[in-house]
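Everything in the sequence shown is counted per this note's numbering, starting at 5 for the first residue and increasing by one.
For every residue, glycine included, the Cβ atom is placed at its ideal position computed from N, Cα and C.
The model shown is predicted, which means the values in this text are computed figures rather than measured ones.
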Amino acid sequence: MNAPLVVSHLAAAGMQPEIVTLAVPEDERVWVPQAPGVWFRPLMLNTVAGGWFNLLRVRKSGILSRHRHPMAVYGYVIKGSWRYLEHDWIAEEGGFVYEPPGEVHTLTVDEGVEEMITMFNVNGAMIYVDEKGDTVGYEDVFTKIDMCRKHYESVGLGAGYVDQFIR
Ligand code: FE
5 MNAPLVVSHL AAAGMQPEIV TLAVPEDERV WVPQAPGVWF RPLMLNTVAG
55 GWFNLLRVRK SGILSRHRHP MAVYGYVIKG SWRYLEHDWI AEEGGFVYEP
105 PGEVHTLTVD EGVEEMITMF NVNGAMIYVD EKGDTVGYED VFTKIDMCRK
155 HYESVGLGAG YVDQFIR
């Protein structure tokens, strides 16, 4: 048996508090609807570097979005699987994915996958594009925060519920 550690707390003045939370929430209201059959769950909304950690949950099959990443994206598949039409790999449960800056791809969940949950760390923005690659929309940490505020207000958690995930 190891002796209990005694650790002195050397936090710097002015530093931001940590975030510790159950990633897959017990309260269904924490999931923010993004589109029919698609939700996200904020984990860390980074207003300093510009980007976010969230869980993406999909309960439908087919094409979800075509998008471009100006900065790196990191993903960890918690449940189910998904792929990009432009690549021949499948991101499967337990898998790690790195998406390099400049990637344009089309997120797809195949028939037979009842639920997909993936943690994504998106940096910068998601730039949505059409088949020609022209921009049709975007998301950044501030549009994410706005969606969370509106949703949490509407489900009775209160708009301020999102504040615990903002740094
Ligand atoms: Fe992507």
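Residue i to residue j span [Cα, whole Å]
i    : j    : result
H91  : Q20  : 39 Å
I149 : P40  : 19 Å
G54  : A76  : 12 Å
T25  : F124 : 16 Å
C152 : G141 : 18 Å
G136 : P105 : The amino acid at residue 136 is misidentified as Gly; the sequence shows Lys. Cα to Cα, the separation comes out at about 19 Å.
Among the options, the one whose alpha carbon lies nearest that of residue i
i    : options                : result
T139 : W43, E32, V28 and P74  : P74
V145 : V101, S69, L47 and E22 : L47
Y4   : E96, L68, Y165 and R70 : The question about residue 4 has no answer, for the chain in this structure spans 5 to 171.
N43  : D167, L68 and I23      : What sits at residue 43 in the sequence shown is Trp, not Asn. When only C-alpha atoms are compared, the closest one is L68.
Contact belief for residue i with residue j at Cβ below 8 Å, rounded distance in angstroms
i    : j    : result
V133 : V108 : 6 Å
A27  : L49  : Their Cβ separation, rounded to whole angstroms, is 14 Å, which puts A27 and L49 out of contact at 8 Å.
Cβ-heavy atom distance, residue i to ligand 3, below 7 Å
i   : result
H91 : As for ligand 3, it is missing from this structure, which binds only ligand 1.
Bridge partners - residue i, DSSP secondary structure assignment
i    : result
I131 : R72 and Y142
P37  : W43
| Does the pairing of the stretch 30–47 with the stretch 71–89 give three or more beta-carbon distances under 8 Å? | no
| query | Counting pairs of beta carbons, one from the stretch 156–169 and one from the stretch 107–122, are three or more of them closer than 8 Å? | reply | no
| field | Cβ contact check for the stretch 56–67 and the stretch 103–113: 3 or more pairs under 8 Å | value | yes
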